[in-house]
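Protein chains in written order, with this note's numbering: chain A, 1212 to 1512; chain B, 1160 to 1591; chain C, 25 to 279. Note that CB positions come from ideal geometry on N, CA and C, so glycine has one too.
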Amino acid sequence: MAGIFIYSDKADITSEIIGFARLNGKLPVVLTLSEKDAQALRNAGADKIIVIKGQSEMIENYARAIAAVLKNEGAELFAVGATPRGRDLAARVAGYLDCAMVSDISSASYKDEQLICTRMLYGGAVQQTEKLSGLSVITVPAGKYEPVQGEASLQTLELQADTRVSVVETAPIVKEGVDLSKAEKVVCVGMALDKAEDLQIARDLANVIGAEVGCTRSIAEERHWLPAESYIGISGAVVKPKLYISMGVSGQIQHVYGIRDAGLIVAIDTNEKAPIFKAADYGIVGDLYQVVPMLTEALKK
Amino acid sequence: MSQAEDKFDSIIVGAGPAGSACAYTLAKAGKNVLLIERGDTPGAKNVTGGRIYTYALEMLEPGLYAEAALERRVTHEQIMLLGGERAITVDFHQPGFNAGDQAPMSFTILRAVFDEWLAAKAEEAGAIVACGIKVDRLIEQEGRIVGVVAGEDEMYADVVIAADGVNSLMAQEAGLIKDIAAKNVGVGVKEVIELPEQTISERFNLRTDEGAARMLLGCTEGIHGGGFLYTNKQSISLGCVFTPEEVARHRKSVQEIFQDLKMHPAIAPLIADGESIEYSAHLVSEAGFRGIHPRLYREGFLMVGDAAGFVVNTGYSIRGIDLAIVSGIAAAKAIIAAAENIALAGPNYMQELNRLKLMPTMKATDGYFEVLETPWLYDKIPNLANDVMEKLFKVDGETPSGVKENVLGAIKANGLSIWQLTKLGIKGVRSL
Amino acid sequence: MSQVIACYKWVADEADIRINADLSVDLSKAKGKISDYDKNVIEAAVQAAAALGGKAVGVTFGTADAKPSLKDALSRGLDEACYINAQEASQADGAATARALAAAIKKIADVGLIICAEGASDTYSRQTAPRIGALLDLPVVTSVSKMDINGNILTAARKLDDCMQTVKVELPAVVAVLPEINPAPIPGLKAVLAAGKKTVTELKAADLGADLTPRSTVSEVKGYVMNRKNIIFNEGDLAEQVKALAAALRKEGVL
Ligand SMILES: Cc1cc2nc3c(=O)[nH]c(=O)nc-3n(C[C@H](O)[C@H](O)[C@H](O)COP(=O)(O)OP(=O)(O)OC[C@H]3O[C@@H](n4cnc5c(N)ncnc54)[C@H](O)[C@@H]3O)c2cc1C
Ligand SMILES: Cc1cc2nc3c(=O)[nH]c(=O)nc-3n(C[C@H](O)[C@H](O)[C@H](O)COP(=O)(O)OP(=O)(O)OC[C@H]3O[C@@H](n4cnc5c(N)ncnc54)[C@H](O)[C@@H]3O)c2cc1C
Ligand SMILES: Nc1ncnc2c1ncn2[C@@H]1O[C@H](COP(=O)(O)O)[C@@H](O)[C@H]1O
């Protein structure tokens, strides 16, 4: 059966990709490992939902089997939610099929039976358009397409898992931070901070203007001063606040990617040549330890 | 690692023009050379106004300049005197200047590319180049310098050559210089402004392959110093050099004065719509002959280039790159000649510096220092010249006063006397 | 099974990319560098090789421009390197890259572990490790923030977006590591000198016996420019600048 085969470990993205398939007049077929997701997606507009049964709890381990299904069914596209598990599965399936794959598409549309995809390169500095024909794979980030409605048929499918990798333990990550992608205002800190306690300077400003505190990847992943969901950028959160104020953030392209849709960008940095000033609406060249407390004071009034 | 693997014939600290020229010459003579550079690539952080005299490259190897990473051949030598909003530009154009392949010549250069190219030549010749490594200390044994320490690692050699630039840490470590005297150095700031090749040629009236080198006076708010402007292929290098002591006393910062220069009505149109792609600041030795350190070697140790103080500042140009290369060659030759008895390397080096005419050059330009010391050279003179010009060209229907009265009046208006100017003239002539 | 492969890529430094007015992309001024996170890959391979008692071998697929990467990579502690020097690398997509790397790795005896980074600084497509795994039919573990090797068993912590997952796999395997797996040290003088003496095997496209044509067709490459006001408050002292900023924010109505 031709059509677009879909997988995501996040049901929301699955619904959105179903929306994408319908938008382009294609039959959406959903694959899932989770009975629960299957039920939740019953009315999300798919043609068919296939619940995979097998020996492993890791979807990645079905890559080889899924590749075979896609081939046998004459699928035209495998569209996967761009999450860590999804990207792994998608690339492994592409590897078994030795076919084209476009990761983390910015846009995708059909023209003359070819799928035209755009994606970012070099941390967001460059946009590349690629044409795909024949069975191909894409990964799709959240929030790209509108979900639709419609009832799907349900089916189970026994698949052979590759059990060489097995799960020993799973510890849920408790989200400590807020969902930055929904924040109205964001105060962002970078590696200029000397110590974790100095985060207070950012918090004080954030409290006065009612903002959330975000950071660069290095602050979260190297120094672990803020939780991973607090970092903004191409590999972290993409934010679209009315106001974004950075302090001691150099503004490397990978970070700036995450703030492109901000209403107003304000930067405070000692280095007047820092790339952040090229991305900013307003800037002050100065020491954050001086400037930020003054700004906090000025905005109190 | 055995002692043998830790030992080189020579270790050179710093892959600027001095270090790379030295490494190249030694490696070509079959010496086992290690060239250590702290930048991730040679030249990454090095600052220069922007011109090189290729006679030094000829000395390194005839014809080498032809493949060097150079920008434009200088055919326009210019001097610009700024007075308030006004400017006088003297343009000496000689299309045949530095023409064809009649080395020696003078070219504008960008150091990041040039230094990388020269270090690559040294590597090709057999030198081992280690970048991204900062030398922290020297190793001394029984009164001799025998090696260097970088981070956790020690490395030994018969001779260590300090090519680490002005304010040389190596020379300080060796006890041959103290921390530099502020009086003897200038601080230089420079911006590289990118523009299309065609635009540069049009703005400076340059034909294909031609370049301009311009010296600016009267752009430093009276502070001892001057500016420069060089046309590269696709960029303009614009900068100023100041005496730090005087800047410290001034109400404006170096950056502010430099910003003012960029906005000057005679400069702004030249760089309009350009994109600043590099901004840098660096020290430069200003004392000329008397800035050369009294001792340039000790056993197992030589100093070359800026580390030794080899810079000539004539007021109309700074020469350091050529002297760096020549001194690097001199050191290499001295070491090669001392193969039998390495203790002779130092004395040999002093001889080579004379033989290659480096010391005589430095000495001959010694008098400039005094001329350049003249405090009013940096504001009153450029202003005076502009006043004279203004009077000369102004027609207002009044009975014109004579040229002589005009000049005398302008001298007086600028708070100068004929006597001061004559004295400066005599000093100037003597310095030549 | 004791050799550890570090896949590293020589990329153009994104900070040097110039976007022309017509949005065309100018890479001519861009310096090359080892893809940022591949430095962590190299360090991870050096540590894993020590744990397995074998060698750490760097493998890179690049054009002739990638040559300077070898000295840099080897100075970071690799024992040897394999350089696939092929013009095809400039056009390669994820499929061609994985095929080239897999073909080169097949020529290396006794491979116990293949390490890639989560994503390369240029493509950041996060495909290579899973694709190599599929092509060589080896087990794959991605998003690895920590790994331990005990005998022939690798235990890895995977950072997924909703959980930390600990998995176990018997070697040989392919892993994709996150940069937080280790701090990649800056090489010292002796390490840099030692790099010059290490073995580099250079392979040409023809030596691989692999198809290096891309599976997707690139039809357009264009730069992204951000149009912002770029106003820097630099009049007066800091207090006045801050005042001006506060006033501007009020006026914008974003407070
Ligand atoms: C594939 C890939 C993906 C990446 N993804 C992301 C991502 O999603 N998000 C992300 O953030 N990064 C990401 N990065 C990393 C990114 O390239 C940068 O390294 C990182 O964003 C830099 O963080 P920073 O600005 O905090 O630190 P730095 O670059 O170190 O900047 C610190 C800044 O502080 C300034 N400063 C210092 N002292 C003061 C002071 N007292 N007052 C004011 N200013 C001061 C300095 O001038 C400098 O500009 C990624 C990198 C790669 C290779
Ligand atoms: C603003 C300005 C304009 C100038 N204009 C001109 C001009 O137009 N023409 C001209 O001929 N000259 C000019 N000069 C002078 C010229 O730049 C210098 O004389 C010349 O660069 C000296 O070369 P060098 O090799 O001795 O030192 P440098 O070029 O300074 O090189 C020293 C090298 O040593 C490295 N280094 C330093 N310390 C260490 C360490 N501890 N370990 C490892 N490496 C180290 C540095 O990174 C550097 O690469 C100008 C100078 C300035 C500042
Ligand atoms: N041309 C290449 N040569 C060597 N390793 C590569 C190459 N391309 C990708 N890799 C490896 O695969 C990782 C992920 O790349 P990518 O899938 O393109 O994001 C890189 O960080 C490298 O570890």
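Per-residue DSSP class, three states only, for residue i
i	result
SER1161/B	Residue confidence is low: SER1161/B scores 39 on pLDDT, short of 50, so the model does not pin down where it sits. No coordinate-derived value is stated.
LEU1510/A	helix
ALA39/C	helix
TYR1356/A	coil
TYR32/C	coil
PRO1201/B	coil
CYS1181/B	helix
LEU1326/A	strand
ALA218/C	helix
ARG274/C	helix
GLU259/C	coil
THR1581/B	helix
ALA1382/A	strand
THR1608/B	Residue 1608/B is absent from the model: chain B starts at 1160 and stops at 1591.
Distance cut-off 7 Å: residue i Cβ against heavy atoms of ligand 3
i	result
CYS31/C	yes
SER1392/A	no
ASP1309/A	no
TYR340/C	Absent from the model: residue 340/C. The displayed extent of chain C is 25 to 279, so no value can be given.
ALA1399/B	The sequence given here has Cys at residue 1399/B, not Ala. CYS1399/B: no, Cβ never under 7 Å from ligand 3.
CYS106/C	no
Distance between residue j and residue i (C-alpha atoms, nearest Å)
i	j	result
ARG1233/A	LEU1288/A	13 Å
VAL1240/A	ALA74/C	47 Å
ALA54/C	GLY86/C	16 Å
GLU1227/A	VAL1359/A	8 Å
LYS1166/B	ASP1317/B	8 Å
ASN1418/A	THR1358/B	51 Å
GLU1196/B	ALA68/C	27 Å
ALA1504/B	GLY1243/B	53 Å
GLU1226/B	GLY1202/B	18 Å
LEU159/C	ALA122/C	8 Å
SER1263/B	GLY1459/A	This sequence places Pro at residue 1263/B; Ser is not what is there. Taking the straight line from one Cα to the other gives about 49 Å.
ALA127/C	ARG1330/A	28 Å
MET1505/A	GLY1384/B	38 Å
ARG1641/B	GLU1275/B	A question about residue 1641/B goes unanswered here, because the residues of chain B that appear run from 1160 up to 1591.
ILE177/C	THR241/C	40 Å
SER1161/B	GLY1222/B	Its pLDDT being 39, under 50, SER1161/B is placed unreliably by the model, and the measurement read from it follows with that caveat. One C-alpha to the other measures close to 41 Å.
ARG1296/A	LEU1244/A	12 Å
Cβ-Cβ distance between residue i and residue j below 8 Å
i	j	result
LEU1277/B	PRO1176/B	yes
GLU1369/A	LYS1237/A	no
GLU142/C	VAL83/C	no
ARG1232/B	ASN1391/B	no
PHE1256/B	ALA1228/B	no
ILE1470/A	TYR1493/A	no
ALA1290/A	ILE1384/A	no
Check: residue i C-beta below 7 Å from any heavy atom of ligand 1
i	result
ASN258/C	no
ARG1298/A	no
ARG1428/A	yes
LEU1499/A	yes
TYR1224/B	no
Assumed close pair residue i, residue j - CB separation to whole angstroms, cut-off 8 Å
i	j	result
GLY9/C	ILE1287/B	Absent from the structure is residue 9/C, since the part of chain C shown begins at 25 and ends at 279.
THR190/C	THR179/C	7 Å
VAL81/C	ILE1495/A	That pair is no contact at about 49 Å.
Contact test: residue i Cβ vs ligand 2 heavy atom, cutoff 7 Å
i	result
LYS1293/B	yes
GLY1347/B	yes
VAL1172/B	yes
ASP1323/B	yes
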